[in-house]
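**Student:** Per full-length UniProt numbering, the very first residue in the sequence shown carries number 1; after that it's consecutive.
Cβ atoms here follow ideal geometry from the backbone N, Cα and C, with glycine treated the same way.
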Amino acid sequence: MMESRKPMAAPPAPPLPPIPTHLKNSQLKLLNGDSGSSPISSSFSNGIHKRTLTTITSASEKFNVSGSTTEEFRTLKLNGHVGFDSLPHQLVRKCTERGFQFNLMCVGETGMGKTTLIESLFNMKLEFHPCNNELKTVELLSRTYDVVEGGIRLKLTIVETAGFGDQLDKDKSAQVIVDFINEQFEKYLKEELKIKRCLDYYDDTRIHACLYFISPTGHGLKALDVVTLQRLAERVNVIPVIAKADTTCKDELIRFKSKILSELRSHNIPIYQFPTDDETVRAINTELNQLVPYAVVGSTDFVKKENGKMVRARRYPWGMVEVENEEHCDFVKLREAVLRTNVDALRERTHRVLYEAYRRERLRAMKFGDGDTGPKMMEAFAQKQREFIDEMANRDTVFRDEFATRVKKKEEEMKRREELLNLRAKKISENFEEELRRIESQMHTLLEEKAKYELKTAGKKAKK
């Protein structure tokens, strides 16, 4: 994955320089978007062009030829073609060969159609199985796919939250998800702090965007939604969507959107806003921001219309809802916002804003100062690691002691119960023996009386 770079203040990017004559036709087609690439690949390439040219322009404005920094500098005129105008194209080619990575998380209650929507967005079948409502805690399910479109290779990771909102105790539902996101940040931080690191080929698992599915109740956000959105907004780019929008009418949907936005503002929940500082996407992103939260419908079925055209849709007794019809839902706008226009913006904000915030928190927790670098930084990290290992060892000792104490108490309790059972058995045995002696005594008395009776009867017969 392409290593992110530190932001540089720069004026708007100038027009692209003339294409060098020594570049191949295939490279020209790739750069101009004529190789059959989709809008998503074009957005990647456009973003790379813009950032690279901005960086070069900024550097040339800041430094003159002699290396001194002044307000006025002279521009050298080249007598012939040198070739550094191909730098943006070299960067595009390098990034295209390496491929890109995009990690998307879906958060929502069971039955909200998360898997169906993702399958509709990427037009492919996922390997997620429907979850039941019997999970005792939230489970994070992750699948990674290598997809290629228009010669652009994308490593796509989808993370779903199985069992979210199904437990009676919902307090820990949001914490499980936040812990997972922090864990991905922590993995990247550990790789970054290594003496020998290779971030260019690091498998970046940081979540770049989170689609939060809101139940189409029409009554606003639930308490679980508010708590979860507050926690997630600090760690990930949250994009709220109204699931199964075909279950509500258009007027109710407008009121529902307004109520959701009002509640988000009242609870100070900063949902992700698509950037409008770039002139090339300002108009479209302004329009896309006004549609949040997106009312979406997903479907994996294709239905034949009266004109013979096959469309992705959901069929009902009263009619048909077309997924890719903007008059029916916001699916097309969601796909345009997340995949076709702002993939790179989501990745950049994840690295420059969200990850940097997490990194500052962790380094400050490790007692790192702003000037700590090199061996001192590694010593502090090693010290923090030793403290963590010692803490875990102490916890293990405490756990073992508590376990031994509980086992000892249980053994004493079982011993007392055994003594009580033995006393009870002894008493029962004594009562049994006493009852047996009494019965034997009664039988002996009965036999004696029987013998006397028989003897008396025999004497009377003899006299007769």
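Could you compute how far the alpha carbon of Ser429 sits from the alpha carbon of Lys409?
**Tutor:** For the purposes of this step, residue 429 is identified with residue 429 of the sequence shown, where counting begins at 1. For the purposes of this step, residue 409 is identified with residue 409 of the sequence shown, where counting begins at 1. Distance between the alpha carbons of Ser429 and Lys409 is about 30 Å.
**Student:** Helix, strand or coil: which one does DSSP assign to Arg235?
**Tutor:** Working through the sequence shown from its first residue, we reach residue 235 at position 235. Coil, per DSSP.
**Student:** Taking the CB atoms as reference points, tell me whether Leu117 and Phe256 lie closer together than 9 Å.
**Tutor:** For the purposes of this step, residue 117 is identified with residue 117 of the sequence shown, where counting begins at 1. For the purposes of this step, residue 256 is identified with residue 256 of the sequence shown, where counting begins at 1. Taking 9 Å as the Cβ cut-off, Leu117 and Phe256 do not qualify as a contacting pair.
**Student:** Check the DSSP bridge columns for Gly319 and list the partner residues they point to.
**Tutor:** Taking the sequence shown and counting its residues from 1, the one referred to as residue 319 is at position 319. For Gly319, which the question treats as bridged, DSSP gives the partners Tyr316.
**Student:** DSSP three-state call for Glu160: helix, strand or coil?
**Tutor:** In the sequence shown, counting from the first residue as 1, residue 160 sits at position 160. Three-state result, Glu160: strand.
**Student:** State whether the region 201 to 221 contacts the region 175 to 192, with contact taken as three or more CB pairs (one from each stretch) at a distance under 8 Å.
**Tutor:** Segments in contact, yes.
**Student:** To the nearest angstrom, report how far apart Ser403 and Gln175 are at their CA atoms.
**Tutor:** Position 403 of the sequence shown, counted from the start, is the residue given in the question as residue 403. Position 175 of the sequence shown, counted from the start, is the residue given in the question as residue 175. Note that residue 403 is Phe in the sequence shown, not Ser. When rounded, the distance between both Cα atoms is 27 Å.
**Student:** Can you tell which of Arg143, Glu348 and Ala245 has the C-alpha that lies nearest to the C-alpha of Met112?
**Tutor:** Along the sequence shown, read from residue 1 onward, the residue named residue 112 stands at position 112. Closest option to Met112, Cα to Cα, is Ala245.
**Student:** For Thr445, count neighbouring Cβ atoms within 10 angstroms of its own Cβ and tell me buried if that reaches 16, exposed if not.
**Tutor:** As a working note, residue 445 is residue 445 in the sequence shown. It counts as exposed.
**Student:** Measure the alpha-carbon distance for Ser86 versus Cys95 and round it to whole angstroms.
**Tutor:** The residue you call residue 86 lines up with position 86 of the sequence shown. The residue you call residue 95 lines up with position 95 of the sequence shown. The alpha-carbon atoms of Ser86 and Cys95 are separated by roughly 14 Å.
**Student:** Got a sec, what are the start and stop residues for the beta strand (DSSP E) Val107 sits in?
**Tutor:** Here residue 107 is taken as the residue at index 107 of the sequence shown, counted from 1. Where Val107 is concerned, the enclosing beta strand (DSSP E) stretches over Phe100 to Val107.
**Student:** Could you compute how far the alpha carbon of Ile181 sits from the alpha carbon of His89?
**Tutor:** Numbered from 1 along the sequence shown, position 181 holds the residue referred to as residue 181. Numbered from 1 along the sequence shown, position 89 holds the residue referred to as residue 89. For Ile181 and His89, the distance between alpha carbons rounds to 34 Å.
**Student:** Tell me the rounded alpha-carbon separation between Arg347 and Ala337.
**Tutor:** Locating residue 347 in the sequence shown gives position 347, counting from the first residue. Locating residue 337 in the sequence shown gives position 337, counting from the first residue. Whole-angstrom Cα-Cα distance: 13 Å.
**Student:** Can you check which of these residues, Ala380, Met124, His208 and Thr276, is closest to Arg364 by C-alpha distance?
**Tutor:** Here residue 364 corresponds to residue number 364 of the sequence shown, with the count starting at 1. With distances taken between Cα atoms, Arg364 lies closest to Ala380.
**Student:** Helix or strand or just coil, what does DSSP make of Lys461?
**Tutor:** As a working mapping, residue 461 is identified with position 461 in the sequence shown. It is helical.
**Student:** Measure the C-alpha to C-alpha separation of Leu263 and Tyr272 and round it to an integer number of angstroms.
**Tutor:** As a position in the sequence shown, residue 263 is number 263, starting the count at 1. As a position in the sequence shown, residue 272 is number 272, starting the count at 1. Checking the displayed sequence, the identity of residue 263 turns out to be Glu instead of Leu. The straight-line gap from Cα to Cα measures roughly 15 Å.
**Student:** How would you call Gln290, buried or exposed, if buried means at least 16 neighbouring beta carbons within 10 angstroms?
**Tutor:** The residue given as residue 290 occupies position 290 in the sequence shown. Looking at its Cβ environment, which holds fewer than 16 other Cβ atoms inside 10 Å, Gln290 is exposed.
**Student:** Measure from the alpha carbon of Ala283 to the alpha carbon of each residue in Asn123, Ser266, Lys114 and Thr341, then state which is nearest.
**Tutor:** Position 283 of the sequence shown, counting from 1, holds the residue named residue 283. Taking only the C-alpha atoms, the option nearest Ala283 is Thr341.
**Student:** Can you have a look at Tyr294 and say buried or exposed, based on whether 16 or more other CB atoms are within 10 angstroms of its CB?
**Tutor:** For the purposes of this step, residue 294 is taken as the residue at position 294 of the sequence shown. Buried, since its Cβ has 16 or more Cβ neighbours within 10 Å.
**Student:** Using a Cβ-Cβ cutoff of less than 8 Å, which residues in the same chain neighbour Gly218 once the five nearest sequence positions on both sides are dropped?
**Tutor:** For the purposes of this step, residue 218 is taken as residue 218 along the sequence shown, with counting starting at 1. The answer, listed in chain order, is Thr248, Glu252, Arg255 and Phe256.
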